[in-house]
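Residue numbers (our numbering): 5 to 118. By construction, the Cβ of each residue, glycine as well, lies at the ideal position given by its N, Cα and C atoms. The model shown is predicted, which means the values in this text are computed figures rather than measured ones. Report on the structure given below.
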Amino acid sequence: MTNQINLAIALNGEYMGKDESIGKVFLSNFLNSLSGAATCPEYIILYNSAVKIACQNDFDIENLKMLEARGTKILLCGTCVKHYDIESQIKIGTISNIHEITQVMMNAKKLISG
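Here you go:
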């Protein structure tokens with residue numbers, strides 16, 4: 005992968021921010037807003053406990069499916085998926101590795117992390 009990536013989003017948890025209860029709502033609203041935005045990210049990277057997003061809440065899964073249908077590639081950290089033992093529960097995205105994730109992050113003109 006040598007091409008420049010305009011936008012990548014890296015999520016590292018099942019919620020955004022420091023407060024879990026409102027952070028889960030915020031993350032769902034963020035994914036919903038993102039799925040309806042005029043411009044989609046080229047990649048969404050899920051690592052740490054964020055990999056659980058790919059197998060939990062149907063509302064979040066539907067928003068991720070809409071993004072994927074519009075061309076967003078969803079990468080899940082394979083080490084994290086194994087750590088949480090959720091491979092059989094994954095509903096969306098591609099299990100990846102640190103090398104591909106690093107390439108995406110390094111080639112992104114803009115990387116949003118949350």
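query, result
"Cβ of valine 85 within 8 Å of Cβ of alanine 12?", "no"
"Leucine 38 bridges to which residues according to DSSP?", "Answer by DSSP bridge pairing: none, since leucine 38 is not bridged."
"Excluding five sequence neighbours on each side, which residues of the same chain lie with their C-beta closer than 8 Å to the C-beta of isoleucine 9?", "Glu46, Tyr47, Val108, Asn111, Ala112 and Lys113"
"Which one or two residues does DSSP pair with alanine 112 in a beta bridge?", "Ile9"
"Determine, using beta-carbon pairs with one atom in the region 47 to 62 and one in the region 16 to 35, whether at least three such pairs fall under 8 Å.", "yes"
"For a test of the three-state rule: what should DSSP assign to lysine 77, helix, strand or coil?", "strand"
"Looking at the structure shown, is tyrosine 47 part of a helix, part of a strand, or coil, going by DSSP?", "strand"
"Per DSSP, what kind of secondary structure is glutamine 99 in: helix, strand or coil?", "Looking at the sequence shown, residue 99 is not glutamine but isoleucine. In the structure shown, isoleucine 99 sits in a strand (DSSP, three-state: E or B)."
"Using the beta-carbon count (16 or more within 10 Å), is isoleucine 78 buried or exposed?", "buried"
"Identify every residue that forms a DSSP beta bridge with alanine 14.", "Ile49 and Ser117"
"On the DSSP letters alone, give me the boundaries of the alpha helix (DSSP H) that tyrosine 19 sits inside.", "Here tyrosine 19 belongs to no alpha helix (DSSP H), and DSSP marks it neither H nor E."
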